[in-house]
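Below is one structure, written out as structure tokens, with a few remarks after it.
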């Protein structure tokens with residue numbers, strides 16, 4: 677069974693979905709089912725149950741919101757993808773809170789050529805576990821915030837929070 681919980685944040689509810697203590701999806705939505713339908717058919721076959729507390733993932737989220745910006749790093753995550761996408765997601769988890777990288781830099785950190793910036797962008801777009809796999813920390817090299825699955829205002833808030841410009 678996939679367990680889901682909604683955690684309130686200043687930018688709206690964060691849906692957390694876990695299987696056996698490992699996050700398989702997380703996103704800024706009030707409807708866990710919106711995240712559930714993005715999971716693999718095998719995980720969807722397990723069903724979805726909304727619970728009151730997911731334990732460590734919930735505690736880490738609350739700690740992050742309270743200012744412990746490294747709290748999300750300790751939460752185990754698992755999502756599908758090619759070996760290249762998995763390397764990019766792993767490299768994303770190494771981008772520290774309060775810093776940002778370009779798509780080309782993310783590709784390089786994953787052991788790919790800088791020219792693989794498009795693959796880095798695709799990995800960010802397909803990321804199922806925001807903000808634990810922090811694709812919000814990737815910005816276009818030309819400036820601005822670029823896109824974000826949950827909207828640019830959420831991305832802006834996350835970056836400001838991690839740089840100490842927000843108060844929860």
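Residue numbers (the working numbering): 677 to 844. Backbone N, C-alpha and C define an ideal beta-carbon position, used for all residues, glycine too.
Judging by CA-CA distance, which residue of the options is the nearest neighbour of residue i?
| i | options | result |
| --- | --- | --- |
| residue 773 | 813, 693, 690, 753 | 813 |
| residue 717 | 755, 705, 726, 747 | 755 |
| residue 790 | 728, 745, 816, 836 | 816 |
| residue 708 | 688, 726, 839, 699 | 726 |
| residue 677 | 720, 787, 738, 808 | 720 |
| residue 798 | 757, 769, 752 | 757 |
| residue 820 | 807, 835, 711 | 835 |
| residue 690 | 828, 785, 737 | 737 |
| residue 825 | 769, 714, 740 | 714 |
| residue 760 | 684, 795, 751 | 795 |
| residue 765 | 823, 801, 743 | 801 |
| residue 679 | 687, 686, 827, 722 | 722 |
| residue 710 | 808, 804, 828 | 804 |
| residue 682 | 695, 763, 730, 822 | 730 |
Can you name the start and end residues of the alpha helix (DSSP H) that residue i belongs to?
| i | result |
| --- | --- |
| residue 738 | 732-741 |
| residue 834 | 828-838 |
| residue 709 | 708-712 |
Starting from residue i, trace the beta strand (DSSP E) in both directions and tell me its first and last residue.
| i | result |
| --- | --- |
| residue 766 | Residue 766 -> not in any beta strand (DSSP E); alpha helix (DSSP H) instead, spanning 759-769. |
| residue 680 | 678-683 |
| residue 719 | Not the beta strand (DSSP E): residue 719 falls in the alpha helix (DSSP H), residues 717-720. |
Quick one, are the C-beta atoms of residue i and residue j less than 8 Å apart?
| i | j | result |
| --- | --- | --- |
| residue 692 | residue 706 | no |
| residue 699 | residue 753 | yes |
| residue 704 | residue 830 | yes |
| residue 838 | residue 745 | yes |
| residue 780 | residue 793 | yes |
| residue 776 | residue 741 | no |
| residue 750 | residue 694 | no |
For residue i, which residues does DSSP report across the bridge?
| i | result |
| --- | --- |
| residue 703 | 691 |
| residue 748 | Its beta-bridge partners do not exist; DSSP assigns none. |
| residue 725 | 679 |
Open item on the list: Ignoring anything shorter than 4 residues, give me the alpha helix (DSSP H) runs that lie fully in the stretch 783-811, in order along the chain.
Closed with: 793-801
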